[in-house]
Amino acid sequence: MQTVLPYLLSGISVGGQYALIAIGYTMVYGILRLINFAHGDVFMVAGLVMVYLSASLPIYVVIPLVLAITVTIGFIIERAAYSPLRSAPRMSIMISAIGVSYLLQNLALYITGGMNQMYPNIPFFTESVSIFGATTKRVTLVTPILTVVLVVVLVWLIKNTKIGMAMRSVATDYETSQLMGIKINSVISFTFIIGSFLAAVASLLYFSNYTTVIPTSGAMPGLKAFVAAVFGGIGSIPGAVIGAFTIGICENLIKGLDSILIQTGIIQQGLGLTTFSDAFTFALLIVILVVKPTGIFGEKVTDKV
Amino acid sequence: MLKITDLHVAYGGIKALRGIDLEVPEGKIVTLIGANGAGKSTTLRAISGLVTPVQGSITYNGKQLLGMPINKIIEEGIVMVPEGRRVFPDMSVLENLKIGAYLRKDKAGIAEDIEWVYTLFPRLKERNWQMAGTLSGGEQQMLAVGRALLSRPKVLMMDEPSLGLAPLIVRDIFSIIKEINKQGMTILLIEQNANMALHVADIGYVLETGNITLKGPGKELLRDENVKRAYLGH
Numbered sequence: 101m102q103t104v105l106p107y108l109l110s111g112i113s114v115g116g117q118y119a120l121i122a123i124g125y126t127m128v129y130g131i132l133r134l135i136n137f138a139h140g141d142v143f144m145v146a147g148l149v150m151v152y153l154s155a156s157l158p159i160y161v162v163i164p165l166v167l168a169i170t171v172t173i174g175f176i177i178e179r180a181a182y183s184p185l186r187s188a189p190r191m192s193i194m195i196s197a198i199g200v201s202y203l204l205q206n207l208a209l210y211i212t213g214g215m216n217q218m219y220p221n222i223p224f225f226t227e228s229v230s231i232f233g234a235t236t237k238r239v240t241l242v243t244p245i246l247t248v249v250l251v252v253v254l255v256w257l258i259k260n261t262k263i264g265m266a267m268r269s270v271a272t273d274y275e276t277s278q279l280m281g282i283k284i285n286s287v288i289s290f291t292f293i294i295g296s297f298l299a300a301v302a303s304l305l306y307f308s309n310y311t312t313v314i315p316t317s318g319a320m321p322g323l324k325a326f327v328a329a330v331f332g333g334i335g336s337i338p339g340a341v342i343g344a345f346t347i348g349i350c351e352n353l354i355k356g357l358d359s360i361l362i363q364t365g366i367i368q369q370g371l372g373l374t375t376f377s378d379a380f381t382f383a384l385l386i387v388i389l390v391v392k393p394t395g396i397f398g399e400k401v402t403d404k405v
Numbered sequence: 009m010l011k012i013t014d015l016h017v018a019y020g021g022i023k024a025l026r027g028i029d030l031e032v033p034e035g036k037i038v039t040l041i042g043a044n045g046a047g048k049s050t051t052l053r054a055i056s057g058l059v060t061p062v063q064g065s066i067t068y069n070g071k072q073l074l075g076m077p078i079n080k081i082i083e084e085g086i087v088m089v090p091e092g093r094r095v096f097p098d099m100s101v102l103e104n105l106k107i108g109a110y111l112r113k114d115k116a117g118i119a120e121d122i123e124w125v126y127t128l129f130p131r132l133k134e135r136n137w138q139m140a141g142t143l144s145g146g147e148q149q150m151l152a153v154g155r156a157l158l159s160r161p162k163v164l165m166m167d168e169p170s171l172g173l174a175p176l177i178v179r180d181i182f183s184i185i186k187e188i189n190k191q192g193m194t195i196l197l198i199e200q201n202a203n204m205a206l207h208v209a210d211i212g213y214v215l216e217t218g219n220i221t222l223k224g225p226g227k228e229l230l231r232d233e234n235v236k237r238a239y240l241g242h
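Chain order of the listed sequences is A and B.
Note that our numbering has the first sequence beginning at 101, numbered continuously upward.
Note that our numbering has the second sequence beginning at 9, numbered continuously upward.
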């Protein structure tokens with residue numbers, strides 16, 4: 101247990117961060133049937149905004165600003181790059197999303213000059229704590245708790261509020277939603293706002309742990325979160341969360357597998373299994389697509405009567 | 009009165025409506041009959057703002073509806089029950105009704121109207137918490153009508169309410185249409201079931217390939233030789 105615990109803890113923590121990103125993918129897919137390829141890059145931009153703002157402002161001012169700016173960026177991306185393509189074929193809007201992704205990465209490259217940016221210290225997050233004998237940063241413990249709280253709030257919002265009802269109806273049927281007087285564009289904007297907000301929260305947690313931001317920082321976590329969303333059944337929020345935790349935990353256990361096996365005396369020297377942690381995630385993607393393409397909580401396909 | 013003059017609608021070069029004139033007087037049931045592809049649904053879609061006409065005018069009590077966003081048209085009191093019911097299958101019956109009242113803010117009024125819909129359709133009350141997707145076709149149609157009523161329409165437009173329903177259920181639906189009309193609501197009804205529609209309608213219009221070819225009181229159209237041959241199967 102002593103040897104497994106640190107890996108398990110960081111797995112849960114990374115899982116929470118993936119979950120927050122994955123919700124953005126899955127919600128946008130639920131409403132627009134679009135894989136928002138730029139979502140991981142919005143997460144990276146949130147990290148950079150934090151880096152630059154904290155150079156001149158105190159941290160407790162910067163955090164709300166980062167959230168607000170990221171939300172605004174998400175909103176603008178939708179209005180500028182996706183909303184004009186509402187009636188275009190789905191492929192066009194997907195290509196537009198890929199374009200936005202590269203645009204953000206290149207803007208980041210231009211602004212940072214390609215240099216690694218040190219992520220500022222959020223004192224509360226980076227303090228060391230010890231749990232059952234394993235020492236870790238506090239962010240490791242905060243992440244899963246915060247994730248669960250945010251997910252519960254979100255699910256409640258979707259189930260019980262008027263805007264939540266509108267989101268569910270738009271996800272089912274655009275035209276009939278319009279006939280109810282629902283403004284499709286406002287609902288879609290709101291969805292991007294929530295997604296970007298959660299991505300910003302995820303960036304606070306993730307970069308507090310990994311400490312550097314580079315223009316491609318969003319690519320890998322974005323991709324993993326996307327796999328999590330597909331694994332859980334794209335369109336389903338609980339699915340995305342469960343998928344994200346599964347991937348986060350498995351990945352980290354594989355990272356630690358060598359040293360766990362050595363310490364338990366099963367093997368004498370490292371087998372280099374660590375390398376396979378990313379491969380595992382993508383192998384999982386292939387397996388799920390082959391075995392159950394709708395994911396564990398995939399949407400039922402309801403035939404229109 | 010809902011008044012349509014010289015309405016043209018085209019879908020990418022294909023003309024669906026070629027200049028129709030239509031009047032729906034207050035408190036009446038008006039029906040638009042015609043074959044598949046005659047432009048019936050297009051007419052309703054244009055009125056409710058789902059498609060943008062090429063030219064023409066649609067006014068309600070003198071107010072131009074053309075170019076208004078859909079939610080404003082609903083607020084003017086013009087509401088459509090779409091073809092094929094289109095209830096939200098993963099929402100409960102109650103939620104479906106509530107979403108019909110999406111633009112309203114008077115909570116007490118909404119609760120009252122839900123009760124009113126439940127007295128019109130007692131079957132829906134029994135199924136209050138059931139997912140709408142599990143209802144039968146007839147119940148879904150009732151729900152679709154109830155949902156539209158929740159927005160307090162002045163003019164209720166119905167697109168093929170009898171589509172795919174058993175004859176007995178169709179009769180129920182039509183008696184409800186008459187009942188709602190008696191309570192003061194204006195109705196614009198589109199039907200392929202010309203016989204039923206003309207029996208309840210005060211005024212009937214016959215639409216053929218985008219043109220109105222005949223207009224008159226429902227009972228009169230029922231006796232018209234051309235209508236009989238083309239739509240009633242005599």
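For glycine and all other residues, C-beta sits at the position ideal for the given N, C-alpha and C.
In this text the structure is predicted, and so the values were computed from the model without any measurement.
Q: Consider the Cβ of Ser269 (chain A): report whether some Cβ of chain B lies at a distance smaller than 7 Å.
A: Position 169 of the first sequence, counted from the first residue, corresponds to residue 269 (chain A). Yes, because at least one Cβ of chain B sits closer than 7 Å to the Cβ of Ser269 (chain A).
Q. Does the beta carbon of Pro225 (chain B) come closer than 7 Å to any beta carbon on chain A?
A. Locating residue 225 (chain B) in the second sequence gives position 217, counting from the first residue. By this cut-off, Pro225 (chain B) is not an interface position.
Q. Contact check, Val166 (chain A) vs Ala138 (chain A) under 8 Å by CB: the rounded distance?
A. Position 66 of the first sequence, counting from 1, holds the residue named residue 166 (chain A). Position 38 of the first sequence, counting from 1, holds the residue named residue 138 (chain A). Rounded, the Cβ-Cβ distance is 18 Å, inconsistent with contact.
Q | Check: Ser144 (chain B) C-beta below 6 Å from any heavy atom of the ligand MN | A | Here there are no bound small molecules, and the ligand MN is not part of this structure.
Q) With burial defined as no fewer than 16 other Cβ atoms inside 10 Å of the residue's Cβ, what is the status of Lys190 (chain B): buried or exposed? A) Stepping through the second sequence from its first residue, residue 190 (chain B) is reached at position 182. The residue in question, Lys190 (chain B), is exposed, as its Cβ has fewer than 16 Cβ neighbours within 10 Å.
Q: With 7 Å as the limit, tell me which residues of the stretch 38-58 of chain B have their beta carbon closer than that to any beta carbon of chain A; keep them in chain order.
A: Ser56 and Leu58
Q. Can you give the beta carbon distance from Ile181 (chain B) to Leu173 (chain B), rounded, assuming they're within the 8 Å contact cut?
A. Within the second sequence, numbered from 1, the residue matching residue 181 (chain B) stands at position 173. Within the second sequence, numbered from 1, the residue matching residue 173 (chain B) stands at position 165. Ile181 (chain B) to Leu173 (chain B), Cβ: 7 Å. Contact.
Q) Is the Cβ-Cβ distance between Thr39 (chain B) and Glu199 (chain B) less than 7 Å? A) As a first step, residue 39 (chain B) is located in the second sequence; it is residue number 31 there, counting from the start. As a first step, residue 199 (chain B) is located in the second sequence; it is residue number 191 there, counting from the start. Taking 7 Å as the Cβ cut-off, Thr39 (chain B) and Glu199 (chain B) qualify as a contacting pair.
Q: State the CB to CB distance for the pair Asp14 (chain B) and Gln63 (chain B), rounded to an integer number of angstroms; the pair is presumed to be in contact (CB under 8 Å).
A: Against the second sequence, residue 14 (chain B) aligns to sequence position 6. Against the second sequence, residue 63 (chain B) aligns to sequence position 55. Confirmed, about 7 Å.
Q: Locate the alpha helix (DSSP H) running through Glu31 (chain B), then write down its first and last residues.
A: The residue given as residue 31 (chain B) occupies position 23 in the second sequence. Segment Ile22 to Val32 is the beta strand (DSSP E) holding Glu31 (chain B); no alpha helix (DSSP H) there.
Q. Thr142 (chain B): buried (16+ other C-beta within 10 angstroms of its C-beta) or exposed?
A. Locating residue 142 (chain B) in the second sequence gives position 134, counting from the first residue. That one is exposed.
Q.
The beta strand (DSSP E) that contains Glu216 (chain B), what's its start and end?
A. For the purposes of this step, residue 216 (chain B) is identified with residue 208 of the second sequence, where counting begins at 1. Taken as a continuous stretch (DSSP letters only), the beta strand (DSSP E) holding Glu216 (chain B) covers Ile211 to Glu216.
Q: Would you mind stating whether Val89 (chain B) and Val59 (chain B) have Cβ atoms separated by less than 7 Å?
A: In the second sequence, the residue the question calls residue 89 (chain B) occupies position 81. In the second sequence, the residue the question calls residue 59 (chain B) occupies position 51. Not closer than 7 Å, so no.
Q: Spatial neighbours of Gly348 (chain A) within its chain, please: CB distance less than 6 Å, with the 5 preceding and 5 following residues excluded, ordered by chain position.
A: Here residue 348 (chain A) refers to the residue found at position 248 when the first sequence is read from its first residue. Hits under 6 Å: Gly111, Val114, Gly115 and Tyr118.
Q) If you draw a straight line from the C-alpha of Val405 (chain A) to the C-alpha of Gln148 (chain B), how long is it? A) On the first sequence, position 305 is the one that residue 405 (chain A) refers to. On the second sequence, position 140 is the one that residue 148 (chain B) refers to. Summary for Val405 (chain A): the model assigns pLDDT 37, below 50, so the residue's position carries little reliability; its value from the coordinates is reported in the next sentence. Approximately 10 Å, taken between the alpha carbons.
**Q.** Pro165 (chain B) versus B:Lys36, B:Pro130 and B:Ala46, residue with shortest Cα-Cα distance
**A.** Numbered from 1 along the second sequence, position 157 holds the residue referred to as residue 165 (chain B). This sequence places Met at residue 165 (chain B); Pro is not what is there. Ranking the options by Cα distance to Met165 (chain B), first place goes to B:Lys36.
Q. What in chain B is Cβ-close to Ala266 (chain A), meaning under 9 Å?
A. To locate residue 266 (chain A), count along the first sequence from 1; it is residue 166. What Ala266 (chain A) touches in chain B: Ile107 and Tyr110.
Q. Taking the DSSP output, what are the residues bridged to Asp167 (chain B)?
A. Taking the first residue of the second sequence as 1, we reach residue 167 (chain B) at position 159. Asp167 (chain B) is bridged to B:Ile198.
Q. Would a check of beta-carbon distances place Pro90 (chain B) closer than 7 Å to chain A?
A. As a working note, residue 90 (chain B) is residue 82 in the second sequence. So, interface residue.
Q. Ala155 (chain A): buried (16+ other C-beta within 10 angstroms of its C-beta) or exposed?
A. Residue numbering aside, residue 155 (chain A) sits at position 55 when the first sequence is read from its first letter. Classification for Ala155 (chain A): exposed.
Q: Compare the C-alpha of Thr276 (chain A) against each of B:Tyr126, B:Lys113 and B:Ala152 and name the closest.
A: Sequence index remark: in the first sequence, residue 276 (chain A) carries index 176 (1-based). Of B:Tyr126, B:Lys113 and B:Ala152, the residue nearest in Cα terms is B:Ala152.
**Q.** C-beta contact flag for Ala271 (chain A) and Ile131 (chain A) at 7 Å
**A.** In the first sequence, counting from the first residue as 1, residue 271 (chain A) sits at position 171. In the first sequence, counting from the first residue as 1, residue 131 (chain A) sits at position 31. The answer is yes: Cβ separation under 7 Å.
Q) Mind checking if Gln278 (chain A) is an interface residue toward chain B, Cβ cutoff 7 Å exclusive? A) Within the first sequence, residue 278 (chain A) is the residue found at index 178, counting from 1. At least one chain B Cβ lies under 7 Å of Gln278 (chain A).
Q: Please name the residue in B:Val101, B:Lys80 and B:Thr51 whose C-alpha comes closest to that of Ser144 (chain B).
A: Along the second sequence, one-based indexing puts residue 144 (chain B) at 136. Selected option, being the one with the closest Cα: B:Val101.
Q | Own chain, CB closer than 8 Å to Gly199 (chain A), minus 5 neighbours either side, in chain order | A | Here residue 199 (chain A) refers to the residue found at position 99 of the first sequence. Same-chain partners within the cutoff: Ala181.
Q: Starting from the Cα of Ile342 (chain A), find the closest Cα among A:Phe326, A:Leu203 and A:Leu357 and give me that residue.
A: By 1-based counting over the first sequence, the position of residue 342 (chain A) is 242. Among A:Phe326, A:Leu203 and A:Leu357, the Cα nearest to that of Ile342 (chain A) is on A:Phe326.
(Q) For Tyr68 (chain B), report the span of its alpha helix (DSSP H) as first-last. (A) Locating residue 68 (chain B) in the second sequence gives position 60, counting from the first residue. Not the alpha helix (DSSP H): Tyr68 (chain B) falls in the beta strand (DSSP E), residues Gln63 to Tyr68.
Q) Mapping DSSP to helix, strand and coil, what is Val405 (chain A)? A) Looking up residue 405 (chain A) in the first sequence gives position 305. Residue confidence for Val405 (chain A) is low, a pLDDT of 37 falling below 50, so the modelled location carries little weight; the figure read from the coordinates is stated next. Reduced to three states, the DSSP call for Val405 (chain A) is coil.
Q) Under the rule that 16 or more other beta-carbon atoms within 10 Å means buried, what is Arg133 (chain A), buried or exposed? A) The count along the first sequence starts at 1 and reaches residue 133 (chain A) at position 33. Exposed.
Q: Indicate whether at least one CB of chain C lies closer than 7 Å to the CB of Phe96 (chain B).
A: Among the protein chains of the structure shown, namely A and B, there is no chain C.
Q | First and last residue of the uninterrupted alpha helix (DSSP H) at Asn219 (chain B) | A | What you label residue 219 (chain B) is simply residue 211 of the second sequence in a count that begins at 1. Looking at the DSSP string, Asn219 (chain B) is not in any alpha helix (DSSP H); the run it does join, the beta strand (DSSP E), is Asn219 to Pro225.
**Q.** Contacts that Ile334 (chain A) makes with chain B (C-beta to C-beta distance below 9 Å)
**A.** Locating residue 334 (chain A) in the first sequence gives position 234, counting from the first residue. By Cβ distance, chain B contributes nothing, its closest Cβ being about 16 Å from Ile334 (chain A), past 9 Å.
Q. Which residues in chain A sit within 7 Å of Glu103 (chain B), going by Cβ to Cβ distance?
A. Here residue 103 (chain B) corresponds to residue number 95 of the second sequence, with the count starting at 1. The contacting residues are Met265.
Q: Kindly indicate if chain B contains any beta-carbon less than 7 Å away from that of Asp403 (chain A).
A: Residue mapping note: residue 403 (chain A) aligns to position 303 of the first sequence, counting from 1. Interpretation of Asp403 (chain A) is limited by its pLDDT of 44, a score under 50 that renders its predicted location unreliable; the figure taken from the coordinates is listed afterwards. Not one chain B Cβ lies under 7 Å of Asp403 (chain A).
Q) Given a limit of 7 Å on CB to CB distance, which residues of the stretch 64-82 of chain B reach chain A? A) Ile78, Asn79 and Ile82
Q) Residues in the stretch 281-292 of chain A with C-beta within 9 Å of chain B's C-beta atoms, listed in sequence order? A) Gly281, Ile282 and Lys283
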